[in-house]
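In the working numbering, the protein residues as written are 5 to 314.
All C-beta atoms, glycine included, are put in the ideal place defined by N, C-alpha and C.
Single-structure report; data block below.
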Amino acid sequence: MSAGRIRLRRTRRGPGRTRKGVGKLFFQEYQSAQGFREDVVSFLEQDEAVNNLPLGIVLALEDPVAEAGRPLLGAVRDDRGEIALVALRTPPHNLVLAGCGRRLEAAVQTAVEHLSESQVALPGVIGPRPTAETFARLWSDGTGDGVELQVELEIYRLDEVRQVSRSPGRLRRADAADSELAATWLEDFAREALLEKLRADDVWRRVERSIRQGRLFFWEDGEPVSMATTARRTQRGMAISSVYTPPQFRRKGYATSCVAALSRLLLDEGLDFCCLYADLANPTSNRIYRRIGYRPVGESVVYKFRRHAS
Numbered sequence: 005m006s007a008g009r010i011r012l013r014r015t016r017r018g019p020g021r022t023r024k025g026v027g028k029l030f031f032q033e034y035q036s037a038q039g040f041r042e043d044v045v046s047f048l049e050q051d052e053a054v055n056n057l058p059l060g061i062v063l064a065l066e067d068p069v070a071e072a073g074r075p076l077l078g079a080v081r082d083d084r085g086e087i088a089l090v091a092l093r094t095p096p097h098n099l100v101l102a103g104c105g106r107r108l109e110a111a112v113q114t115a116v117e118h119l120s121e122s123q124v125a126l127p128g129v130i131g132p133r134p135t136a137e138t139f140a141r142l143w144s145d146g147t148g149d150g151v152e153l154q155v156e157l158e159i160y161r162l163d164e165v166r167q168v169s170r171s172p173g174r175l176r177r178a179d180a181a182d183s184e185l186a187a188t189w190l191e192d193f194a195r196e197a198l199l200e201k202l203r204a205d206d207v208w209r210r211v212e213r214s215i216r217q218g219r220l221f222f223w224e225d226g227e228p229v230s231m232a233t234t235a236r237r238t239q240r241g242m243a244i245s246s247v248y249t250p251p252q253f254r255r256k257g258y259a260t261s262c263v264a265a266l267s268r269l270l271l272d273e274g275l276d277f278c279c280l281y282a283d284l285a286n287p288t289s290n291r292i293y294r295r296i297g298y299r300p301v302g303e304s305v306v307y308k309f310r311r312h313a314s
């Protein structure tokens with residue numbers, strides 16, 4: 005299914021659903037990043053590559069949590085304390101979900117009821133396909149919000165880099181002198197791949213932080229021709245993101261060389277694996293990643309919500 009409007013099947017609230025949960029499930033909201041981290045990390049690490057987005061966010065959270073832009077940290081649990089679903093959001097971004105299984109529908113319903121009763125306004129949701137699809141349907145059913153499928157993503161994992169043809173040039177870590185070029189390319193990447201326009205101050209903040217932390221890289225062939233960043237360090241892995249090659253430098257193998265070299269660098273530094281997301285609507289990028297040695301381990305989807313006028 006490509007991005008666009010979707011039809012959601014309406015469901016009636018069945019018997020036995022309590023006000024704050026479904027059956028023996030309940031939604032626990034956390035005020036402390038440390039407490040949240042202690043409770044959910046082991047659950048997320050059961051599938052570290054698939055859960056790299058929520059896991060990376062959780063590991064980066066710090067206390068005290070600022071009231072302005074305070075994150076939403078929650079988990080759906082049963083009466084034995086076992087986690088069925090993790091839900092978190094750092095404003096102004098989408099709600100991030102993790103978890104799927106036999107209790108998926110009930111767990112998502114519990115989260116939807118808690119969040120809607122708490123009058124939480126959500127711009128959208130991202131998560132494993134069945135989880136995010138279920139949330140979007142139940143959220144629309146309960147709130148009347150419109151729902152639009154924005155993007156479908158393949159989640160890839162790499163444990164060993166294959167031998168691929170190397171384009172002329174070399175991998176280079178960006179420095180402060182590259183800030184303006186990196187900001188321009190990040191804006192272009194967001195507009196093309198994420199279908200959104202980033203605020204200029206947000207772009208500069210991201211670029212400056214990535215360069216300062218040594219996470220932004222170029223493939224350079226006389227000049228920078230392709231870009232990639234590292235993000236979301238987990239216990240055994242690291243995500244690669246913002247892979248971008250300007251149109252004038254495409255079809256020359258630069259992105260392949262850049263991602264392959266960066267992946268090899270991360271593995272050589274002691275990581276067990278690398279992971280990344282690829283838009284399923286872009287066959288070129290998916291073909292590149294598979295050629296390097298990335299294998300699909302799951303699918304993630306993003307839904308945007310249109311607020312129902314009350």
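_If you follow the beta strand (DSSP E) that Q32 is in, where does it begin and where does it stop?_
Counting along the chain, the unbroken beta strand (DSSP E) around Q32 starts and ends at 30-33.
*In whole angstroms, what separates the C-alpha of V62 from that of T249?*
Answer to the nearest angstrom: the Cα atoms are 30 Å apart.
*From L280 to I244, what does the alpha carbon distance come to, in whole angstroms?*
Spanning the two alpha carbons is a distance of roughly 5 Å.
_Within the continuous beta strand (DSSP E) that includes C278, where are the two ends?_
Here the beta strand (DSSP E) through C278 covers 277-283.
*Opening and closing residue of the alpha helix (DSSP H) in which P58 lies*: That run of the alpha helix (DSSP H) goes 56-64.
*Could you tell me which residues DSSP puts in a beta bridge with A88?*
A88 pairs with nothing; no bridge assigned.
*Using the C-alpha atoms, what's the distance from P58 back to L185?*
Answer to the nearest angstrom: the Cα atoms are 29 Å apart.
*Out of R203, D83, P75, C104, point me to the one whose CA is closest to Q50's CA.*
Minimum Cα distance to Q50 is reached at C104.
_Selected residue, minimal CA-CA separation from Y298, among A285, D283, S267, R311_ = Residue S267 is the option with its Cα nearest to Y298.
*Closest Cα partner of D276 within the set L126, E196, R161, E303*: Looking at the Cα atoms, R161 is the closest of the given residues.
*Under 9 Å, do E137 and A285 count as touching if we go by C-beta distance?*
No, the pair does not count as a contact, with Cβ atoms beyond the cut-off.
*Take every Cβ of the stretch 141-160, pair it with every Cβ of the stretch 36-45, and state whether three or more of those distances are shorter than 8 Å.*
Contact between the stretch 141-160 and the stretch 36-45 is not established, with fewer than three Cβ pairs separated by less than 8 Å.
*Taking all protein chains shown into account, decide if A149 is buried (16 or more other Cβ within 10 angstroms of its Cβ) or exposed.*
For clarity, residue 149 is Asp in the given sequence; the question names Ala instead. Burial call: buried.
*Classify E71 as helix, strand or coil using the three-state DSSP reduction.*
In this predicted model, E71 has a pLDDT of only 46, less than 50, meaning its place in the structure is not dependable; the value taken from the coordinates is given anyway. The three-state secondary structure of E71, taken from DSSP, is coil.
*Would you be able to state if there are at least three C-beta pairs under 8 Å between the stretch 293-311 and the stretch 82-90?*
No: fewer than three Cβ pairs fall under 8 Å.
*Output the boundary residues of the alpha helix (DSSP H) element that contains A39.*
At residue 39 the sequence reads Gly, which differs from the Ala that was named. Where G39 is concerned, the enclosing alpha helix (DSSP H) stretches over 37-48.
*Residues in its own chain within less than 7 Å of A197 by CB, not counting five upstream and five downstream?*
Closer than 7 Å at Cβ, skipping near neighbours: D283.
*Environment of T188 [buried if 16+ CB atoms lie within 10 Å]*: Classification for T188: exposed.
*asked:* Does S169 pass the burial test, meaning 16 or more other C-beta atoms within 10 Å, or should it be called exposed?
replied: By the Cβ-count criterion, S169 is exposed, with fewer than 16 other Cβ atoms from all chains shown falling within 10 Å of its own Cβ.
*asked:* Once the 5 residues before and after R219 are set aside, which same chain residues still bring their CB inside 6 Å of it?
replied: These residues qualify, in order along the chain: T233, T234.
*By how many angstroms is the C-alpha of R107 removed from the C-alpha of E212?*
Between E212 and R107, the C-alpha separation is close to 42 Å.
*Counterpart residues of P228 in DSSP-defined beta bridges*: According to DSSP, which records beta bridges pairwise, P228 is partnered with E224.
*Between L271 and H312, what straight-line distance do the alpha-carbon atoms span, to the nearest angstrom?*
C-alpha separation (whole angstroms): 47 Å.
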